[in-house]
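Colleague:
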Amino acid sequence: MKKSIITSLSGLKWKVIIITTLLSPLGVFAAGPPKPSELHNPLAIVLLIIIIALLLVIALLANIIIGAAKINILRLVEDKSKTATKVVTILLLCFISSYTFAADAPAVATTADTTIAGLSNTSFYVLLSVIFLEIIILLALLYNLRLLLTKEKAALQSAELAEQPVAKKGSFIQWWNKINGFRSAKEEAAIDLGHDYDGIRELDNKLPGWWLYGFYACIVFAGIYLYRYHVAHSAPLSHEELQISLDKAEAEKQANLKKAGNNIDENTVKLLKDPADIAAGKAIFTTICAACHRPDGGGIVGPNLTDDYWLHGGSIKDIFKTIKYGWPDKGMQSWKDNYSPKQIAQIASYIKSIHGTNPPNPKEPQGTLYTESGGDK
Amino acid sequence: MQVEKFYYDNRIVKMFGYATVLWGVVGMLAGLLAAVQIYFPAANFNLPYTTFGRVRPVHTNAVIFAFVGNGIFMGVYYSLQRLCKARMFSDVLSKLHFWGWQLIIVLAAVTLLSGYTTGKEYAELEWPIDILITIVWVIFGINLFGTLVKRRESHIYVAIWFYIATWVTVAMLHIVNSVEIPFSWIKSYSFYAGVQDALVQWWYGHNAVAFFLTTPYLGIMYYFIPKASGRPVYSYRLSIIHFWALIFIYIWAGPHHLLYTALPDWAQSLGTVFSIMLIAPSWGGMLNGLFTLRGAWDKVREDPVLKFMVVAVTCYGMATFEGPMLSLKSVNAISHFTDWTIAHVHVGALGWNGFLTFGMLYYLTPKLFNTSLYSKKLATNHFWIGTIGIVLYAVPMYWAGFTQAEMWKQFTDEGQIKYQFLETVTHIIPMYITRSIGGLLYFIGVILMVFNLGKTIAAGSFIGDEAAEAAPLLAKTETHGKQYWHRWIEARPIQMLIFSLVAVAIGGIIEMVPTFLIKSNIPTIASVKPYTPLELQGRDIYVREGCYLCHSQMVRPFRDEVARYGEYSKAGEFVYDHPFQWGSKRTGPDLARIGGKYPGSWHYNHMWDPRSMSPGSIMPNYHWLFDNKIDTSLTGAKIRAMITLGVPYPENYDKKANEDLEAQAKSIKENLKKDKIETSSNAEIVALIAYLQRVGTDIKAASNQ
Numbered sequence: 000m001k002k003s004i005i006t007s008l009s010g011l012k013w014k015v016i017i018i019t020t021l022l023s024p025l026g027v028f029a030a031g032p033p034k035p036s037e038l039h040n041p042l043a044i045v046l047l048i049i050i051i052a053l054l055l056v057i058a059l060l061a062n063i064i065i066g067a068a069k070i071n072i073l074r075l076v077e078d079k080s081k082t083a084t085k086v087v088t089i090l091l092l093c094f095i096s097s098y099t100f101a102a103d104a105p106a107v108a109t110t111a112d113t114t115i116a117g118l119s120n121t122s123f124y125v126l127l128s129v130i131f132l133e134i135i136i137l138l139a140l141l142y143n144l145r146l147l148l149t150k151e152k153a154a155l156q157s158a159e160l161a162e163q164p165v166a167k168k169g170s171f172i173q174w175w176n177k178i179n180g181f182r183s184a185k186e187e188a189a190i191d192l193g194h195d196y197d198g199i200r201e202l203d204n205k206l207p208g209w210w211l212y213g214f215y216a217c218i219v220f221a222g223i224y225l226y227r228y229h230v231a232h233s234a235p236l237s238h239e240e241l242q243i244s245l246d247k248a249e250a251e252k253q254a255n256l257k258k259a260g261n262n263i264d265e266n267t268v269k270l271l272k273d274p275a276d277i278a279a280g281k282a283i284f285t286t287i288c289a290a291c292h293r294p295d296g297g298g299i300v301g302p303n304l305t306d307d308y309w310l311h312g313g314s315i316k317d318i319f320k321t322i323k324y325g326w327p328d329k330g331m332q333s334w335k336d337n338y339s340p341k342q343i344a345q346i347a348s349y350i351k352s353i354h355g356t357n358p359p360n361p362k363e364p365q366g367t368l369y370t371e372s373g374g375d376k
Numbered sequence: 000m001q002v003e004k005f006y007y008d009n010r011i012v013k014m015f016g017y018a019t020v021l022w023g024v025v026g027m028l029a030g031l032l033a034a035v036q037i038y039f040p041a042a043n044f045n046l047p048y049t050t051f052g053r054v055r056p057v058h059t060n061a062v063i064f065a066f067v068g069n070g071i072f073m074g075v076y077y078s079l080q081r082l083c084k085a086r087m088f089s090d091v092l093s094k095l096h097f098w099g100w101q102l103i104i105v106l107a108a109v110t111l112l113s114g115y116t117t118g119k120e121y122a123e124l125e126w127p128i129d130i131l132i133t134i135v136w137v138i139f140g141i142n143l144f145g146t147l148v149k150r151r152e153s154h155i156y157v158a159i160w161f162y163i164a165t166w167v168t169v170a171m172l173h174i175v176n177s178v179e180i181p182f183s184w185i186k187s188y189s190f191y192a193g194v195q196d197a198l199v200q201w202w203y204g205h206n207a208v209a210f211f212l213t214t215p216y217l218g219i220m221y222y223f224i225p226k227a228s229g230r231p232v233y234s235y236r237l238s239i240i241h242f243w244a245l246i247f248i249y250i251w252a253g254p255h256h257l258l259y260t261a262l263p264d265w266a267q268s269l270g271t272v273f274s275i276m277l278i279a280p281s282w283g284g285m286l287n288g289l290f291t292l293r294g295a296w297d298k299v300r301e302d303p304v305l306k307f308m309v310v311a312v313t314c315y316g317m318a319t320f321e322g323p324m325l326s327l328k329s330v331n332a333i334s335h336f337t338d339w340t341i342a343h344v345h346v347g348a349l350g351w352n353g354f355l356t357f358g359m360l361y362y363l364t365p366k367l368f369n370t371s372l373y374s375k376k377l378a379t380n381h382f383w384i385g386t387i388g389i390v391l392y393a394v395p396m397y398w399a400g401f402t403q404a405e406m407w408k409q410f411t412d413e414g415q416i417k418y419q420f421l422e423t424v425t426h427i428i429p430m431y432i433t434r435s436i437g438g439l440l441y442f443i444g445v446i447l448m449v450f451n452l453g454k455t456i457a458a459g460s461f462i463g464d465e466a467a468e469a470a471p472l473l474a475k476t477e478t479h480g481k482q483y484w485h486r487w488i489e490a491r492p493i494q495m496l497i498f499s500l501v502a503v504a505i506g507g508i509i510e511m512v513p514t515f516l517i518k519s520n521i522p523t524i525a526s527v528k529p530y531t532p533l534e535l536q537g538r539d540i541y542v543r544e545g546c547y548l549c550h551s552q553m554v555r556p557f558r559d560e561v562a563r564y565g566e567y568s569k570a571g572e573f574v575y576d577h578p579f580q581w582g583s584k585r586t587g588p589d590l591a592r593i594g595g596k597y598p599g600s601w602h603y604n605h606m607w608d609p610r611s612m613s614p615g616s617i618m619p620n621y622h623w624l625f626d627n628k629i630d631t632s633l634t635g636a637k638i639r640a641m642i643t644l645g646v647p648y649p650e651n652y653d654k655k656a657n658e659d660l661e662a663q664a665k666s667i668k669e670n671l672k673k674d675k676i677e678t679s680s681n682a683e684i685v686a687l688i689a690y691l692q693r694v695g696t697d698i699k700a701a702s703n704q
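Chains U and V supply the protein sequences, listed in that same order.
The opening position of the first sequence corresponds to residue 0 in numbering that gives the first Met the number 0, with each subsequent residue numbered one higher.
The opening position of the second sequence corresponds to residue 0 in numbering that gives the first Met the number 0, with each subsequent residue numbered one higher.
(1) Step through the CB atoms of chain B and report whether any lies within less than 7 Å of the CB of residue 311(U).
(2) What ranges does the alpha helix (DSSP H) occupy inside the region 591-632 of chain V, keeping only unbroken runs of at least 4 residues that lie completely in it?
(3) Taking C-beta to C-beta, are residue 276(V) and residue 316(V) nearer than 7 Å?
(4) Should the region 243-257 of chain U be regarded as contacting the region 291-307 of chain U, the criterion being three or more beta carbon pairs within less than 8 Å?
(5) Got a sec, what are the start and stop residues for the alpha helix (DSSP H) residue 654(V) sits in?
(6) Return yes when the Cβ of residue 354(V) is within less than 7 Å of the Cβ of residue 311(V), no when it is not.
(7) Quick one: which chain V residues come within Cβ less than 8 Å of residue 332(U)?
(8) Run the CB neighbour count on residue 517(V), radius 10 Å, all protein chains shown included, and call it buried at 16 or more, exposed below.
(9) Could you give the distance in angstroms between the alpha-carbon of residue 313(U) and the alpha-carbon of residue 669(V)?
(10) Mind checking who residue 410(V) pairs with in its DSSP beta bridge?
(11) Can you look up residue 367(U) in the DSSP assignment and give me helix, strand or coil?
(12) What does the alpha-carbon distance come out to for the pair residue 270(U) and residue 338(U)?
(13) Taking just the CA atoms, how far does residue 489(V) sit from residue 314(V)?
(14) Please state if the CB of residue 462(V) and the CB of residue 705(V) are separated by a distance shorter than 7 Å.
(15) What is the rounded straight-line gap between the Cα of residue 289(U) and the Cα of residue 510(V)?
(16) Counting only runs that start and end within the region 514-585 of chain V, where is the alpha helix (DSSP H) found for 4 or more residues in a row?
(17) Tell me, to the nearest whole angstrom, how far the beta carbon of residue 582(V) is from that of residue 691(V); I am working on the premise that it is less than 8 Å.
(18) According to DSSP, simplified to helix, strand and coil, what is residue 15(V)?
(19) For residue 483(V), is the classification buried or exposed, using 16 other Cβ atoms within 10 angstroms of its Cβ as the cut-off for buried?
(20) Exposed or buried, what is residue 23(U) when buried is set at 16 or more other beta-carbons lying within 10 Å of its beta-carbon?
(21) What are the residues in the region 239-255 of chain U lying within 8 Å of chain V by C-beta distance?
(22) Pop quiz: residue 712(V) and residue 128(V) are said to be a contact at Cβ under 8 Å. What is the actual Cβ separation, rounded to whole angstroms?
(23) Can you tell which of 370(V), 298(V) and 272(V) has its C-alpha closest to the C-alpha of residue 328(V)?
(24) So with CB distances below 8 Å, who are the chain U contacts of residue 264(V)?
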């Protein structure tokens with residue numbers, strides 16, 4: 000008898016040891032993220048603190064389990080086979096999680112070029128995986144502890160329960176009733192508070208656990224959120240976010256311009272003759288420019304674009320420049336954020352193409368005379 | 000013990016009930032009109048009184064303060080008497096309350112349609128009406144607490160906790176947000192400016208939702224669901240915790256309406272985290288309502304009253320989960336300024352407030368008229384038509400919101416904005432059309448209800464004074480054994496009032512006081528100068544026409560907004576804006592950097608017929624601005640009011656303001672002439688052009704130097 004108690008006790012110890020040894024390499028991993036400088040990252044510090052705190056909790060819980068097991072030892076002896084399954088379950092859990100972790104690591108390593116709050120993706124996910132694993136272990140330990148503690152109670156109640164017919168309900172409904180701690184209609188009298196307001200009674204049901212812990216979780220979230228943004232400064236505030244997105248956009252744009260040969264500016268622009276380009280220019284002109292220059296280019300708010308007179312020069316390069324940068328003082332806005340250099344060249348070329356079309360009732364000539372060969376006169 | 004005989008006052012309940020139905024119909028019709036105007040600009044009828052910018056505030060004010068407001072009073076006057084086992088404190092006060100409230104509603108409709116507005120959403124009413132609201136609210140308060148004092152029930156039920164919190168918080172919100180400096184017998188400027196005005200306004204706006212549309216209706220839920228289902232309240236403990244947590248946390252969440260704006264980041268973060276913490280307290284109310292129905296779901300299948308209430312509470316749960324999600328910055332970056340917000344609030348308004356009101360009306364009318372409902376079948380049809388209406392309203396609006404936000408943020412590979420603003424609007428017009436069909440269905444449901452209730456009333460006989468009896472309250476409450484700690488305050492309504500006030504005051508104080516006192520929260524920009532008299536007049540026209548209801552003036556620090564509109568908005572730019580005009584919806588493009596973007600002649604043509612300058616635009620025409628003359632008699636008073644508010648105009652500037660106004664108007668007139676446009680220099684359009692050309696340019700002047 001005594002010998003078997005010792006064996007099962009050592010079995011338990013063994014179980015705890017396995018868990019801690021499984022954890023320890025991860026702990027080392029977590030303490031040494033790839034770049035030493037990342038240790039100064041506030042997010043890394045926060046994550047590491049969480050990891051250590053969880054480790055402490057695990058150690059504590061493991062101790063409690065050993066204690067509880069000692070009390071429960073006799074029952075363990077009686078029902079050895081069940082314990083064995085439990086051990087196997089836990090081990091399996093540990094292996095599964097470490098397996099997933101192992102599978103994650105290489106995948107993460109390849110995408111290490113991006114960062115999360117100043118922490119490389121690899122370190123971030125490694126740290127996160129460790130926390131995830133720790134939580135799984137914690138849950139497993141808690142589950143085990145609960146089994147141990149309720150064993151006695153269950154044994155006492157099992158006799159009673161056996162007599163009651165168990166209503167067969169859908170598993171969802173059972174689960175729902177359980178997580179809300181619903182009580183049956185029979186038990187209602189016991190929790191009636193005796194209040195009576197115009198015939199309204201009040202029951203004293205417990206707060207649903209998921210609701211209560213959800214509330215706590217939201218409060219914890221609030222604390223972490225404020226800490227990250229305003230104490231650790233590990234998350235970008237509004238204007239920092241803008242800078243990040245602008246930098247990223249600029250890099251993408253440059254890369255794309257190089258690739259697409261779309262790198263036209265006012266110095267390199269050439270008059271386009273291809274009918275497709277002219278048509279594309281016309282399409283934009285009639286939807287956007289026509290508001291001020293009239294669909295036929297005769298001008299209303301803006302000047303006539305079909306005559307020989309130009310306020311800001313009539314060459315393809317000048318027109319390109321006018322569209323691109325605008326003349327904001329005179330009401331012409333800049334279109335460089337709305338249209339690509341290619342599109343602006345198309346609009347400018349279309350404008351050149353309607354020169355001399357003499358639309359009816361045009362706006363009077365403005366600016367200086369420009370002819371193609373002689374330039375400004 | 001001697002039992003006392005007394006009578007419940009059902010007349011006042013009936014009056015509020017009729018008013019609820021009447022204003023519900025009016026408010027929803029105004030909403031339908033506004034919904035049609037969005038895709039069919041001709042429905043603005045080219046008249047100032049029927050244009051979207053004035054119809055929309057009439058719709059929101061009518062459904063919130065007239066429909067739901069009267070609904071609250073109907074529910075409170077019915078349930079309070081019964082929960083206190085006492086008639087209302089004073090029949091005279093009840094009547095004063097009723098007629099005072101209806102007077103406010105009529106005055107609101109008339110002034111809003113005439114263009115008298117403070118320009119602050121859901122607080123648009125001008126200062127004389129604000130004072131009237133305060134008086135009527137105090138009358139309601141005296142009646143409420145008077146009844147509580149003469150109650151025959153030793154403890155006050157959870158519904159009444161919510162009524163008390165509602166009363167005290169609405170009083171606080173209304174008074175603080177309505178501080179304004181009058182410059183004429185009906186018009187005023189907000190006491191606060193720019194960022195501070197925005198913070199106070201959304202502290203108010205958010206909590207108008209919390210303490211006008213939520214807490215009183217939770218109280219009503221706590222009375223009518225147990226009564227209609229005959230089931231006990233699920234958990235007394237949950238009531239206590241969710242009540243105190245709800246009122247304490249709700250008040251902090253206002254800044255989530257101002258994420259990514261020029262409001263200091265710390266205040267934005269407080270708005271976010273308190274919104275997240277609000278999920279559980281809000282859901283506590285939903286759970287207590289739905290779990291109360293445990294064991295009564297068979298009744299829900301039969302009884303239209305319970306059907307309405309179940310959907311109402313479910314919509315409440317959905318909206319109060321969605322709200323906190325919308326407060327997360329990454330979600331808000333997509334949802335804000337789009338129709339997503341419109342969908343969100345209508346799930347709350349149509350589902351929670353509307354359906355709970357209908358449930359209450361179907362429950363109360365047969366009781367008041369001592370008969371049974373004319374047709375259960377018709378009520379069930381109302382329920383289904385209304386539900387389909389809500390779905391048909393909300394889904395297209397969610398879709399429109401996602402789509403438009405997505406389109407705004409698209410760039411081409413070359414790094415240019417992919418869609419012009421107008422393209423993003425014309426793209427979602429089919430969704431707008433579907434939304435109005437959803438609204439129409441919901442409205443048809445209401446008409447069915449009016450018919451059903453009318454038939455019920457015709458068949459019954461009204462019980463004006465309902466007999467009841469109860470023992471008087473003992474001077475000292477006897478307690479047997481150990482009582483739950485919370486029972487102490489439940490026997491003391493005044494302490495309940497004080498504790499509630501403390502709970503709701505904390506959040507506002509912590510957010511507002513530093514924003515007002517600490518200078519670093521609103522860094523000064525030297526180049527930002529007060530408006531010229533003409534621009535000030537133009538700004539008042541901008542406010543009067545409700546431009547802020549479709550156009551924001553807040554460029555958020557996003558790549559797409561900076562590319563589309565220009566430099567993002569800074570806190571220091573708004574220091575002379577009484578009231579702020581940041582807006583909450585972009586049906587049209589942002590106007591924070593409109594100044595100098597187009598020539599004056601563009602604005603001139605655009606205000607006459609927006610489609611001449613931007614084909615496909617859904618903006619109304621503003622023909623009257625071309626005939627109306629600028630009211631220069633008020634220029635001096637306006638400048639004096641601004642000086643009182645600390646705007647640095649030179650000494651005695653009010654006397655020569657009109658000279659400057661005329662000179663500037665002349666120069667605008669001359670400029671228009673160059674573009675072949677003839678106009679009188681004192682037409683309102685000139686002032687509006689002056690204002691629009693000024694908006695957002697002060698900071699440009701600084702960068703040019």
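Glycine residues also receive a C-beta, built at the ideal position from the N, C-alpha and C atoms.
Modeller: Taking the geometry as given:
(1) Included in the structure are the protein chains U and V, with no chain B among them.
(2) 599-607 and 609-612
(3) By one-based count along the second sequence, residue 276(V) stands at place 277. By one-based count along the second sequence, residue 316(V) stands at place 317. Not closer than 7 Å, so no.
(4) no
(5) Walking along the second sequence from the start, residue 654(V) turns up at place 655. First-last of the alpha helix (DSSP H) with residue 654(V): 652-673.
(6) The residue labelled residue 311(V) in the question sits at position 312 within the second sequence. The residue labelled residue 354(V) in the question sits at position 355 within the second sequence. Yes, these two residues count as a Cβ contact at 7 Å.
(7) Numbered from 1 along the first sequence, position 333 holds the residue referred to as residue 332(U). Here the neighbours are 596 and 597.
(8) Within the second sequence, the letter at position 518 stands for residue 517(V). When all chains shown are included, residue 517(V) counts as exposed.
(9) In the first sequence, counting from the first residue as 1, residue 313(U) sits at position 314. In the second sequence, counting from the first residue as 1, residue 669(V) sits at position 670. Answer to the nearest angstrom: the Cα atoms are 28 Å apart.
(10) In the second sequence, counting from the first residue as 1, residue 410(V) sits at position 411. The partner list for residue 410(V) (beta bridge, DSSP) reads 416(V).
(11) Residue 367(U) sits at position 368 when you count from the first residue of the first sequence. Three-state DSSP puts residue 367(U) in a strand.
(12) Stepping through the first sequence from its first residue, residue 270(U) is reached at position 271. Stepping through the first sequence from its first residue, residue 338(U) is reached at position 339. The straight-line gap from Cα to Cα measures roughly 17 Å.
(13) Counting from 1 along the second sequence, the entry for residue 314(V) is found at position 315. Counting from 1 along the second sequence, the entry for residue 489(V) is found at position 490. Computed Cα separation, rounded: 29 Å.
(14) Look at the range of chain V in this structure, 0 to 704, and you will see that residue 705(V) is not part of it.
(15) As a first step, residue 289(U) must be located in the first sequence, where it is residue number 290. As a first step, residue 510(V) must be located in the second sequence, where it is residue number 511. Using only the alpha carbons, I get a separation of about 49 Å.
(16) 532-543 and 558-564
(17) In the second sequence, the residue the question calls residue 582(V) occupies position 583. In the second sequence, the residue the question calls residue 691(V) occupies position 692. The Cβ separation is near 15 Å, so there is no contact.
(18) Here the question's residue 15(V) lines up with position 16 in the second sequence. Looking at residue 15(V) - three-state DSSP - the assignment turns out to be helix.
(19) In the second sequence, counting from the first residue as 1, residue 483(V) sits at position 484. Exposed is the call here.
(20) What you label residue 23(U) is simply residue 24 of the first sequence in a count that begins at 1. No answer about residue 23(U) holds up, because its pLDDT of 42 lies below 50 and its placement is not dependable.
(21) 240, 241, 244, 245, 248, 249, 251, 252 and 255
(22) What is shown of chain V runs 0 to 704, which leaves residue 712(V) out entirely.
(23) Translated into the one-based positions of the second sequence, residue 328(V) becomes position 329. When each option's Cα is compared against that of residue 328(V), the closest is 272(V).
(24) In the second sequence, residue 264(V) corresponds to position 265, counting from 1. Correct list: 228, 229, 236 and 237.
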